[in-house]
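Following: one structure in structure tokens, then a few remarks.
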Ligand SMILES: Nc1nc2c(ncn2[C@@H]2O[C@H](COP(=O)(O)OP(=O)(O)O)[C@@H](O)[C@H]2O)c(=O)[nH]1
Ligand SMILES: [Mg+2]
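Structure (structure tokens):
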């Protein structure tokens, strides 16, 4: 595999930007892709936010395998990590997120009340790697209140928060972390779901990785979507050929146009057209 560069400069900058904002933040919402919750999580995040309360949002739950998502929720619970599966496209998230936030911040709320402080709205920031749905989540959460709440004191830069209901404010600009991967498998999963650019890993290898995974875990989905019979196909190239023939991905002369097959398959997979599936399981 081509060596993937992990740019320390980018990371340092992202880190600084997030750290600046954290001063006025009560809770961090980490958005990950429910289909690859570990690979789409940046391992530096906990180091950056330290003891700040965190809620992991397994977004795009509508695309993930419900059985596997249940296992992830169990896993997080066992490890005392707060996590919630969500669909930012269609769920009505305002209440759900606020309730969960209250639950997580219960200690803070009780401490402040004991000191005689009045209940106050809480400030949240959304953080995650590219393409996990951070913007979609923020829009969903703050959809009824597009108006900004203005600047908050205590930070040098102008910060703008959006209202998510009366008592929750979410920073309008998500913190973006570069995905961190030094093993091939993590890179493949990120590439498969379009979380890193198609130019970073060879598209043929990414496609074959996807085909191999589906053959093992979701063979019926592959057969149904493309009208093929896997038992009759010996290797992955034959599968690509069969898909190409079924879908007319041919160059003049009748040869298979493999680039078209790769793009067709990856688009189908990324958009959930092969059905709900997860690419990372709890060990
Ligand atoms: N199916 C589905 N797609 C989603 C969901 N959330 C976001 N998306 C899509 O994922 C893509 C990336 O979302 P975006 O909010 O731009 O990601 P960001 O880069 O993290 O800000 C867009 O095409 C969204 O429509 C979700 O819960 N389910
Ligand atoms: Mg965005």
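Residue numbers (my numbering): 139 to 421.
Even glycine gets a Cβ: it sits at the ideal position worked out from N, Cα and C.
Treat the numbers as computed from the prediction; the structure is a model and nothing was measured.
Where does residue i land, buried or exposed, given buried means 16+ other C-beta within 10 angstroms?
{"i": "residue 411", "result": "exposed"}
{"i": "residue 278", "result": "buried"}
{"i": "residue 93", "result": "No answer is possible for residue 93: it lies beyond the span of the chain, which begins at 139 and ends at 421."}
{"i": "residue 230", "result": "exposed"}
{"i": "residue 377", "result": "buried"}
{"i": "residue 304", "result": "exposed"}
{"i": "residue 317", "result": "buried"}
{"i": "residue 324", "result": "buried"}
{"i": "residue 392", "result": "exposed"}
{"i": "residue 350", "result": "exposed"}
{"i": "residue 367", "result": "exposed"}
{"i": "residue 147", "result": "exposed"}
{"i": "residue 326", "result": "buried"}
{"i": "residue 312", "result": "buried"}
{"i": "residue 280", "result": "buried"}
{"i": "residue 295", "result": "Unreliable placement is indicated for residue 295, whose pLDDT of 44 sits below 50; the coordinate value is still reported in the next sentence. Under this definition residue 295 is an exposed residue."}
{"i": "residue 157", "result": "exposed"}
Check: Could you name the residues, in chain order, whose CB is less than 7 Å away from a heavy atom belonging to ligand 1?
Finding: Residues flagged by the Cβ proximity filter: 169, 197, 198, 199, 200, 201, 224, 225, 226, 227, 266, 268, 269, 270, 271, 272, 273, 274, 275, 312 and 410.
Next item on the list: Take every Cβ of the segment 177-188, pair it with every Cβ of the segment 255-270, and state whether three or more of those distances are shorter than 8 Å.
Entry: The segment 177-188 vs the segment 255-270: in contact.
Next item on the list: Taking only runs that begin and end inside the segment 201-237, name each unbroken alpha helix (DSSP H) of 4 or more residues, in chain order.
Entry: Taking only runs of at least 4 residues, the alpha helix (DSSP H) segments lying wholly in the segment 201-237 are 204-216.
Checklist line | 3-residue-minimum beta strand (DSSP E) runs that sit fully inside the segment 306-355, ordered along the chain | finding: Unbroken beta strand (DSSP E) stretches of 3 residues or longer found wholly inside the segment 306-355: 306-309, given in chain order.
Next item on the list: Could you tell me whether the segment 216-228 touches the segment 196-206, using the rule of 3 or more Cβ pairs below 8 Å?
Entry: Proximity of the segment 216-228 to the segment 196-206 meets the contact definition, three or more beta-carbon pairs being nearer than 8 Å.
Checklist line | the segment 412-421 touching the segment 202-209, judged by at least three CB pairs closer than 8 Å | finding: Using a Cβ-Cβ distance cut-off of 8 Å, the segment 412-421 and the segment 202-209 are in contact, since at least three pairs of beta carbons, one from each stretch, lie closer than that value.
Check: For the segment 342-358 against the segment 393-411, are there 3 or more C-beta pairs whose distance is under 8 Å?
Finding: Cβ pair count under 8 Å is three or more, so yes.
Next item on the list: Count the C-beta pairs between the segment 239-256 and the segment 184-193 that are closer than 8 Å, then say yes if the count reaches three, no if not.
Entry: Output reads yes: the segment 184-193 touches the segment 239-256.
Check: Would the segment 359-372 and the segment 381-388 be scored as touching if the rule is three or more Cβ pairs under 8 Å?
Finding: With a cut-off of 8 Å, the segment 381-388 and the segment 359-372 count as touching, because enough Cβ pairs lie within range.
Next item on the list: Taking only runs that begin and end inside the segment 166-206, name each unbroken alpha helix (DSSP H) of 4 or more residues, in chain order.
Entry: Counting only runs of 4 or more, we get 183-187.
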